[in-house]
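Heads up: the structure comes next, in structure tokens.
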Amino acid sequence: FCGARAGLAGIAMDITVLGVEELPAHTFLSVRYGETRKQAPFRTGEAFSFPAPGKAADQLPKAFTVDVFRKVGSKQISLAGITAMGGSISEDLEIPSLDIDGMPLKASIGASLQAAAQQPNGGVSPTSKEAASRARKYMEQKGVQPILQEMFAQLMEQKPQDPLAWLADFIERKRDEAEAAEGEDEFLDFSQEPGLGA
Numbered sequence: 011f012c013g014a015r016a017g018l019a020g021i022a023m024d025i026t027v028l029g030v031e032e033l034p035a036h037t038f039l040s041v042r043y044g045e046t047r048k049q050a051p052f053r054t055g056e057a058f059s060f061p062a063p064g065k066a067a068d069q070l071p072k073a074f075t076v077d078v079f080r081k082v083g084s085k086q087i088s089l090a091g092i093t094a095m096g097g098s099i100s101e102d103l104e105i106p107s108l109d110i111d112g113m114p115l116k117a118s119i120g121a122s123l124q125a126a127a128q129q130p131n132g133g134v135s136p137t138s139k140e141a142a143s144r145a146r147k148y149m150e151q152k153g154v155q156p157i158l159q160e161m162f163a164q165l166m167e168q169k170p171q172d173p174l175a176w177l178a179d180f181i182e183r184k185r186d187e188a189e190a191a192e193g194e195d196e197f198l199d200f201s202q203e204p205g206l207g208a
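Just add 10 to the spot in the sequence shown (first one is 1) and you have our numbering.
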């Protein structure tokens, strides 16, 4: 099930699935070696490579841990446009179950971009924060964020040959839907019209 290989700066560890029998569908293997954990589909030939921890051979971990998980649901969340939305998104999800009779899973998930290197003052510049805050506030007030997320998600799912034409059509459809919804909300009073009144 495993083997070790020599690394340039010490001893690295390769752990490989040599054989597996009668696994249920959508099964994943999680392997922890030292302080590092890696996951992959549980199947014959799947390999996990752990870098050399920079320790002498007698200080290497004496064991590794294997956990087996089964995927119960799956949904892809688009990150397209996250920078335009202030670097973060949140979404209420209904994740379809992979079981035939399974109930969908409901969750609220957030994602945010984190700067790799901070500025000398220890954070993002005040003007960047203010601009992101103004952009987020505007998009929330106008209801733009869910539309952009839906648009980018569908664009990535459909991958049209002419993405600009597809984007224009999507926006036009959304405008028509919004105008139709506004028209439904208006109350038309026909009581004063000839032949239609009381």
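Don't be surprised by glycine CBs; every beta carbon is placed ideally from N, CA and C.
- Rounded to whole angstroms, the gap between the alpha carbons of Ile21 and Glu32 is 33 Å.
- Sorting Phe74, Lys81, Gly112 by C-alpha distance to the C-alpha of Phe52 places Lys81 at the top.
- Per DSSP, reduced to three states, the secondary structure at Lys116 is strand.
- DSSP, read as helix, strand or coil, puts Leu158 in helix.
- It is roughly 36 Å from the alpha-carbon of Ala178 to the alpha-carbon of Met113.
- If you draw a 10 Å sphere on the C-beta of Gln151, you find fewer than 16 other C-beta atoms in it, and that means exposed.
- With fewer than 16 other beta carbons inside 10 angstroms of its own, Gln171 counts as exposed.
- For Asp172, no beta strand (DSSP E) segment is defined, and its DSSP state is neither H nor E.
- Per DSSP, the continuous beta strand (DSSP E) segment holding Val41 begins and ends at 37-43.
- Taking all protein chains shown into account, Ile25 has 16 or more neighbouring C-beta atoms within 10 Å of its C-beta and is therefore buried.
- Pairing Ser88 with Phe162 gives a Cβ-Cβ distance under 7 Å.
- In this structure Lys85 does not touch Leu108 by the C-beta definition: roughly 11 Å separates them, more than the 8 Å allowed.
- Contact between the stretch 65-81 and the stretch 42-49 is established, with three or more Cβ pairs separated by less than 8 Å.
- Residue pairing for Thr46: DSSP places it in a beta bridge opposite Tyr43.
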